[in-house]
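Residue numbers (the working numbering): 8 to 264.
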Amino acid sequence: MIDLQRVREFNNTDLKVYDYLIKNYATLGYMTIREFAAACDVSTTTILRFCHKVGYKNYSDFKRGLKAYLDTHPQGSAVDLAQEARGFFTLINNDEMDRAIASCAEKIKSKKNIVFVGTGISGIMAKYGARYLSSTGKMCFYIDDATFPVSASAWQGDIALVLSVSGESPPTLEIAAKLKSSGCEVIAITSDIRSPLAQMADSQLCYFMKQTRIEEVINITSQMPVIYIIESLSKAVMSQPVTAHPEPHSQKARRNP
Numbered sequence: 008m009i010d011l012q013r014v015r016e017f018n019n020t021d022l023k024v025y026d027y028l029i030k031n032y033a034t035l036g037y038m039t040i041r042e043f044a045a046a047c048d049v050s051t052t053t054i055l056r057f058c059h060k061v062g063y064k065n066y067s068d069f070k071r072g073l074k075a076y077l078d079t080h081p082q083g084s085a086v087d088l089a090q091e092a093r094g095f096f097t098l099i100n101n102d103e104m105d106r107a108i109a110s111c112a113e114k115i116k117s118k119k120n121i122v123f124v125g126t127g128i129s130g131i132m133a134k135y136g137a138r139y140l141s142s143t144g145k146m147c148f149y150i151d152d153a154t155f156p157v158s159a160s161a162w163q164g165d166i167a168l169v170l171s172v173s174g175e176s177p178p179t180l181e182i183a184a185k186l187k188s189s190g191c192e193v194i195a196i197t198s199d200i201r202s203p204l205a206q207m208a209d210s211q212l213c214y215f216m217k218q219t220r221i222e223e224v225i226n227i228t229s230q231m232p233v234i235y236i237i238e239s240l241s242k243a244v245m246s247q248p249v250t251a252h253p254e255p256h257s258q259k260a261r262r263n264p
């Protein structure tokens with residue numbers, strides 16, 4: 008719907024509006040300009056300015072363009088996914104994201120132990136992250152079990168990378184809170200910078216990707232951004248090649264006896 012060259016020229020406020028747009032295609036067509044502005048926490052003038060920037064005369068013209076786009080690009084189709092992927096890689100190609108990844112990589116370098124946390128599909132990504140980052144020589148663990156007990160001192164002075172698409176998963180938030188209270192630094196990897204997880208974390212690596220759900224319950228949002236962030240972090244951490252180990256450093260965190 009929006010030419011990616013225009014996206015490259017967006018300022019932070021434009022990106023905020025664009026973030027809401029790509030995550031709420033289906034409902035946006037029924038929203039008034041005031042409702043859209045309120046949802047983005049911006050003014051109606053900002054929404055009009057955004058419409059002009061992306062090539063529409065006014066908000067009504069923008070909604071007609073949105074309807075035409077949805078008619079020709081069914082949500083969940085391969086074409087839609089490709090568009091989202093192109094949009095993501097365009098949006099993360101900026102100095103701000105580079106600085107955020109570099110900053111988090113420095114924090115990871117300084118810690119002895121790194122634990123990845125996630126449940127559901129994010130749990131699979133947590134396991135992948137621990138295995139991938141272990142290639143840098145760091146000692147990595149993963150927690151993908153919502154019932155895993157976190158003691159008050161087990162992770163003190165370590166760092167946790169907590170994965171959640173929505174940033175609202177109760178089991179993940181509970182684990183993150185326990186880790187943080189035990190003295191473990193928390194980095195949130197999520198699609199929503201306004202989510203409880205992002206607000207709780209010491210650092211955030213947020214990405215633009217529309218959440219896709221089946222019957223409002225099952226989240227099948229693409230994990231491409233998460234893989235990109237994990238691999239970018241790992242490459243930033245790795246300052247020189249490390250000797251291969253016969254067994255990977257990554258392992259599932261063990262329960263305390």
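All C-beta atoms, glycine included, are put in the ideal place defined by N, C-alpha and C.
If you're wondering where the values come from, they're calculated on a predicted model, not measured in any experiment.
The secondary-structure analysis by DSSP pairs tyrosine 37 with nothing; it has no beta-bridge partner. Judged by DSSP in its simplified three-state form, glutamine 211 adopts strand.
Taken through DSSP and simplified to helix, strand or coil, methionine 231 comes out as helix.
As computed with DSSP, isoleucine 196 is found in a beta bridge with Leu170, Leu212. Taking C-beta separations shorter than 7 Å and ignoring five residues to either side along the sequence, the partners of isoleucine 200 in its chain run Gln211, Cys213, following chain order. Shown here, tyrosine 63 sits in coil according to DSSP, grouped into three states, outside any helix or strand. Between the C-alpha atoms of valine 172 and tyrosine 63 there is a straight-line separation of about 31 Å. The residues Lys23, Val24, Tyr27, in chain order, have a CB closer than 7 Å to that of cysteine 47 in the same chain once the five nearest residues on each side in sequence are set aside.
Three or more Cβ pairs closer than 8 Å define a contact, and the segment 109-116 meets that threshold against the segment 231-246.
Proline 232 counts as buried, since no fewer than 16 other beta carbons sit within 10 angstroms of its beta carbon. Three or more beta-carbon pairs separated by less than 8 Å are not found between the segment 48-57 and the segment 184-199, which leaves the two stretches without contact.
Judged by DSSP secondary structure, glycine 164 falls outside any alpha helix (DSSP H); it is assigned neither H nor E. Secondary structure note for serine 188: its alpha helix (DSSP H) is the uninterrupted segment 177-188.
Using a 10 angstroms sphere on the CB of phenylalanine 123, the tally of other CB atoms reaches 16 or more, which defines it as buried. Under the 10 Å beta carbon count, serine 129 is surrounded by 16 or more other beta carbons and is classified as buried. Residue environment analysis places proline 177 among the exposed positions, since fewer than 16 neighbouring C-beta atoms fall within 10 angstroms of its C-beta.
Looking only at Glu16, Val61, Asn19, Ser67, the smallest Cα-Cα distance to arginine 41 is reached by Ser67. DSSP places lysine 118 in the coil class of the three-state scheme, outside both helix and strand. The DSSP-derived three-state label of glutamate 238 is helix. Counted as a single uninterrupted DSSP element, the stretch harbouring valine 157 is not any alpha helix (DSSP H), since DSSP gives it neither H nor E. For methionine 146, same chain residues with a beta-carbon under 8 Å away, outside a window of 5 residues either side, are Lys119, Asn120, Ile121, His256 in chain order.
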